[in-house]
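Visitor: Below: one structure in structure tokens.
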Amino acid sequence: MMGCWQHVLAENQHCMYEAMSALRVYTECENCSSFNMAGNEKVDMVHQNAIHIETIRKEQRHQKLHTEFSINPRMKLHVLPDKPMAAKPAEVIGENSDFIEAFHRARQEPTKKYAMPMTESQEIGWVSAPLIPPNRGDKRLNFSRTSTDITKHKESALRAAN
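Under the working numbering, the first residue of the sequence shown carries the number 20, and numbering increases by one thereafter.
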């Protein structure tokens, strides 16, 4: 004997989708008065199926899963560090352009960040460009290593001693 949709739901509470597919098969039940008791009226299967589907959807709409997880702030957690030689995956930073621009702006030197020096110590080295362009041929400002007759004589004496 087949049961009514209420008995199907009672048997299959754990899986509503199974019950919904099983409802298409169940049409009559001797235990319930919800269907054709006289037996002489014709049962409209499409209408009964629509009622069953609507009832199941209403029941599913009001069922809520309570699986929220939160960490107790008063409980001590033991943090286990990674193994020192284990390969760590590369950290992926999202494309947040405002954050990246602020980070790069913070790492710039003060002359690029500000138009004027902010402190007295910044005033000392604020203009770091040379006032006179460098000229390697000018002997007054270029003190490169040169050899004189004394250094040449000492160099030849050291070579002869070896």
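Don't be surprised by glycine CBs; every beta carbon is placed ideally from N, CA and C.
Can you name the start and end residues of the alpha helix (DSSP H) that Ala105 belongs to?
Guide: Segment: none, Ala105 is in no alpha helix (DSSP H) and carries neither H nor E.
Visitor: Just mark Gln82 as buried or exposed, buried being the case when its beta carbon has 16 or more other beta carbons within 10 Å.
Guide: With fewer than 16 Cβ atoms within 10 Å of its Cβ, Gln82 is classed as exposed.
Visitor: Does the distance from the C-beta atom of Thr130 to that of Ser147 stay below 9 Å?
Guide: Closer than 9 Å, so yes.
Visitor: Quick one: what does DSSP say Arg164 is sitting in, helix, strand or coil?
Guide: The answer is coil: DSSP assigns Arg164 none of H, G, I, E or B.
Visitor: What's the gap between the Cα of Met137 and the Cα of His123?
Guide: One C-alpha to the other measures close to 19 Å.
Visitor: Between the C-alpha atoms of Asn181 and Lys132, what's the straight-line distance to the nearest angstrom?
Guide: Going by the C-alpha atoms only, they are around 59 Å apart.
Visitor: Return the CA-CA distance between Asp101 and Arg93, expressed in angstroms with no decimal places.
Guide: Distance between the alpha carbons of Asp101 and Arg93: 25 Å.
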